[in-house]
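S.K.: Got a structure for you, written out below as structure tokens; questions coming shortly.
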Amino acid sequence: MLLAVVANRVAMALLTLAGVAVVVFVLLRVVPGDPVAMMISPGAGPADIAALKAHYGLDAPLLTQFWIWIKGVVTGDFGTSITLHVYVTEVLAARLPATIELAILALIVAVLFGGAVAIAGTLMRRTFGETIIDGLNSILLAVPDFIWALALVLLFAVAIPVLPLTGRIDPELAEGFTTRFYLAESVLTGRFAVAADIMSHMAMPTLALALPLAAVIVRLLKQSLKEAMLQDYVLLARIKGFRELRLVLQEALRNAVGPTLALTGVQFTFLIGGTVIVERIFSYPGIGNLAIDAVINRDFPLIQGLVLLFGLIFILINIGVDLSVAALNPRLRHA
Amino acid sequence: MEHWSPTSISAAPDTGPAPPSIAVRLARDPKVVFAGGFILLLIVLAIFASLIAPQDPLAQNLLAGTLPPAGFPDAEPGFLLGTDGLGRDVLSRVIFGARISLTVAFVAAGLACLIGSLLGLLAGFLGGWVEVVISRLVDVWMAFPPVLLSILLVAVLGTGLHSVIAAIVVIDWTRFCRVVRTETMGQAQMDYVVAARTIGFARPAILFREILPNVMPVLIALLTLEMGIAVVVEAILSFVGLSVSSDTPTWGGMIAEGRKIVHEAWWVLAAPLAALFATVVAFKQLSDGLARSLDPVLRR
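These protein sequence lines are chains C and D, in that order. In my numbering, each residue's number is its place in the first sequence (first place is 1) plus 137. In my numbering, each residue's number is its place in the second sequence (first place is 1) plus 9.
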């Protein structure tokens, strides 16, 4: 039964991706700016321009261009970036690990921080402490990553200048990596000084992405926990003499975590969308920062590749969330 | 405002004392009063910007560049929040910047609401292939990262206020569509709709006179929330340099300038960021307050 669900979701995902491909292709073809006009040297004549257009396949009819592109995409060939003069797949492979590390670190921080505050709020329920947590959180819920990022700049780069403002790693330390997953690799190979430098570079963008998600987790998890604390099994455990913290962690949390898990998955896609502007603010070399450059430079093949990549990531996360929710829900499991 | 309450068919016999009217409930809600008051103040500032702003927001004075705000050493009178790199008054630019932010908030959010909720109403009420087509369209739309899509759209449409508004509408109609579709589907199952069908009301009449008023509270709360989102999106696009031309002061444009000279003049970033923060929080709080005060179930 689960297999049928998976097959259905994958078919839907492919349909959605095809839709994304068509939308982005059509959109880009109505762009007024001409990518070739931006790369010709001042002395170039019409013949040079035509040759350049032919080189990038921009002179063919729209449908032909689309067919060539789709044929390439299916075989893993996304074309060549017009501004960077390298294969789109190569650029994406070089930049994606930085964004993956940032997004996953932000997710971990959000879950730990949001979870801790939700549990603390549940322990303090019906006290002044809970009122403060709720009041603060209702403000934090409104603040997007863009504002967080710039507030952190003011706080940790100007008021208390302790964190590096831009980049992913001190350039002098960026030697001797075999993968592009700098943080994971430096931790796994025991180079903790390098890892610490990377962490200090990632601290602000990570927090900016994590805090909006943490606020959402606090609200939903605390509500679910408070409801769970009223259930009979918690009352039974309380009669047995279990301490309050143990009641929350061992009895309530297990039953309350489901809805939060589903919502966190959905919100994780928003977090990844947020990397675009947050990476820009901190000059972080991921795919989000790359996307803004690609759009400003009208680099068609690169934009197409990036949008499909973002679409694919979104869809994979959604499928993952659906499956884990189905796997965790006993009623759906046997349906 | 009366037509937001459940209509004649849906109204249950009310035995208790009459519930307070919507106006009273709104006036009693601190979130509505304070957040709504702040937004009103902002609207007044934006409309009368040329009377209220102490300086010309475009007047450059290279000799008075990066003056700090009042109270800091080297501050000069007349520049309460200091000056930017070109010697322009930061306070006056923040006040004038509210014009663009609020224009985008009301026009973009209003249009997104109109289009999204119309499609949502149709999908939820008609069902069948209409619902399938609209839902699939929403799915495809939501597979794009919103920030990337908005930048892409503005690159396609060209920079400027119209493009920013168009981009927000094109992206965010899905928010309204999804929520309104779900709400409408729920309402369409209710007894009062079944009763209206039985009496023989025409379908447009059921949709707009019976269902729409009951979806309205959710819609108004969502619209207020969307206004805050639109303000942020405009700021982001200005920040990237894709909104109105740099002659017009915008919060996002000021933030971009401030980000570049943050080590020399932090106030150029801090002032518009604070304005943006307060505006976004106010729209969110107003939305929460409206949702609570207008909810027909909580109202009883």
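All C-beta atoms in this analysis are idealised placements derived from N, C-alpha and C, irrespective of residue type, glycine included.
Is the beta carbon of V289(D) closer than 9 Å to that of P342(C)?
M.R.: Going by C-beta atoms, P342(C) is not nearer than 9 Å to V289(D).
S.K.: Classify T220(C) as helix, strand or coil using the three-state DSSP reduction.
M.R.: T220(C) falls in the coil class under three-state DSSP.
S.K.: May I ask which residues mark the beginning and end of the alpha helix (DSSP H) holding T343(C)?
M.R.: It spans F329 to A365 - the alpha helix (DSSP H) in which T343(C) sits, taken as one unbroken run.
S.K.: Since A255(C) and L362(C) should fall inside the 8 Å C-beta cutoff, what is the C-beta to C-beta distance between them, to a whole number of angstroms?
M.R.: With a Cβ gap of about 6 Å, A255(C) and L362(C) count as contacting.
S.K.: Distance check for G91(D) and W138(D), CA to CA, integer angstroms please.
M.R.: Cα to Cα, W138(D) sits roughly 59 Å from G91(D).
S.K.: For P155(D), go through chain C and note every residue whose CB falls closer than 7 Å to its CB, in chain order.
M.R.: What P155(D) touches in chain C: G410.
S.K.: Alpha carbon to alpha carbon, what distance is there between T259(C) and A197(D)?
M.R.: Going by the C-alpha atoms only, they are around 37 Å apart.
S.K.: Taking the Cβ atom as the reference point for each residue, do D181(D) and E235(D) lie within a distance shorter than 9 Å?
M.R.: Yes; because the gap between Cβ atoms is below 9 Å, this pair is in contact.
S.K.: Going along the chain, which residues of its own chain have a beta-carbon closer than 6 Å to the beta-carbon of G267(D), five neighbours each way excluded?
M.R.: For G267(D), where only same-chain residues beyond five positions count, the Cβ hits under 6 Å are V277 and L278.
S.K.: Helix, strand or coil for D304(D)? Go by DSSP, reduced to three states.
M.R.: In the structure shown, D304(D) sits in coil (DSSP, three-state: anything other than H, G, I, E or B).
S.K.: Could you check which residue in I376(C), F314(C), G411(C) and R356(C) has the C-alpha nearest to that of L398(C)?
M.R.: For the residues I376(C), F314(C), G411(C) and R356(C), the minimum Cα distance to L398(C) belongs to R356(C).
S.K.: In three-state terms, what does DSSP make of D214(C)?
M.R.: It is coil, neither helix nor strand.
S.K.: Output needed in chain order: residues of the segment 274-285 of chain C with a Cβ under 8 Å from some Cβ in chain D.
M.R.: If the cut-off is 8 Å between Cβ atoms, the segment 274-285 of chain C has S275, I276, L278, A279, V280, P281, F283 and I284 near chain D.
S.K.: Are the CB atoms of A321(C) and E238(C) nearer to each other than 9 Å?
M.R.: Yes, the Cβ-Cβ distance between A321(C) and E238(C) is below 9 Å.
S.K.: Thinking C-beta only, is I424(C) closer than 9 Å to F447(C)?
M.R.: Yes, Cβ-Cβ distance for F447(C) and I424(C) is below 9 Å.
S.K.: Using a C-beta cutoff of 9 Å, does V41(D) count as contacting chain C?
M.R.: No, its Cβ sits nowhere closer than 9 Å to a Cβ of chain C.
S.K.: Are the beta-carbon atoms of Y319(C) and I297(C) separated by less than 9 Å?
M.R.: No, these two residues do not count as a Cβ contact at 9 Å.
S.K.: Give me the Cβ distance between V113(D) and I174(D), rounded to the nearest whole Å; I'm assuming they're in contact under 8 Å.
M.R.: Their Cβ separation, rounded to whole angstroms, is 6 Å, which keeps V113(D) and I174(D) in contact under 8 Å.
S.K.: What is the residue span of the alpha helix (DSSP H) that D271(C) lies within?
M.R.: Here the alpha helix (DSSP H) through D271(C) covers F265 to L277.
S.K.: Going along chain C in order, which residues have a C-beta closer than 9 Å to the C-beta of D148(D)?
M.R.: Under the 9 Å cutoff, chain C gives M149, L152, T153 and G156.
S.K.: Examine the Cβ distances between the segment 338-354 of chain C and the segment 273-290 of chain C and report whether three or more of them are shorter than 8 Å.
M.R.: Segments in contact, yes.
S.K.: Between G194(C) and chain D, is there a C-beta pair that is closer than 9 Å?
M.R.: No, its Cβ sits nowhere closer than 9 Å to a Cβ of chain D.
S.K.: In three-state terms, what does DSSP make of D93(D)?
M.R.: In the structure shown, D93(D) sits in coil (DSSP, three-state: anything other than H, G, I, E or B).
S.K.: Of all the residues that make up the segment 269-300 of chain D, which are near chain C by a beta-carbon distance shorter than 8 Å?
M.R.: Flagged, chain order: V271, H272, W275, L278, A279, L282, L285, F286, V289, V290, F292, K293, Q294 and D297.
S.K.: Keeping to the same chain, check which residues put their C-beta closer than 7 Å to that of S323(C); ignore five residues upstream and five downstream.
M.R.: Correct list, in chain order: V331, A332 and I335.
S.K.: Select from the segment 286-306 of chain C all residues with a C-beta closer than 9 Å to any C-beta belonging to chain D, and list them in chain order.
M.R.: Hits within the stretch, in order: L287, A288, V290, L291, A294, V295, A296, P298 and L302.
S.K.: Does DSSP put D196(C) in a helix, a strand or coil?
M.R.: Residue state, collapsed to three classes: coil.
S.K.: Please compile the residues from chain D whose C-beta is within a distance smaller than 7 Å of the C-beta of F87(C).
M.R.: Residue numbering for chain C in the displayed model covers 138 to 472; residue 87(C) lies beyond these limits and cannot be assessed.
S.K.: Measuring only the C-alpha atoms, how far is T217(C) from I418(C)?
M.R.: Rounded to whole angstroms, T217(C) to I418(C) spans 27 Å at the Cα level.
S.K.: Under 9 Å between C-beta atoms, does R102(D) make it to chain C?
M.R.: No, its Cβ sits nowhere closer than 9 Å to a Cβ of chain C.
S.K.: If G125(D) and R184(D) are in contact, beta carbons under 8 Å, what's the gap, nearest whole angstrom?
M.R.: About 6 Å; that satisfies the 8 Å criterion.
S.K.: Suppose contacts are defined by Cβ-Cβ distances below 9 Å. Is V224(D) in contact with V189(D) by that definition?
M.R.: Yes, they are a contact pair.
S.K.: Taking only beta-carbon atoms, is F250(C) less than 9 Å away from chain D?
M.R.: It does not; no Cβ of chain D falls within 9 Å.
S.K.: Measuring straight from C-alpha to C-alpha, what distance separates V249(D) and R102(D)?
M.R.: Looking at the two C-alpha atoms, the distance is approximately 18 Å.
S.K.: Between which two residues does the alpha helix (DSSP H) holding G195(D) run?
M.R.: Run containing G195(D): L170 to A197, per the alpha helix (DSSP H) assignment.
S.K.: What are the residues that DSSP puts in a beta bridge with D98(D)?
M.R.: Per DSSP, T92(D).
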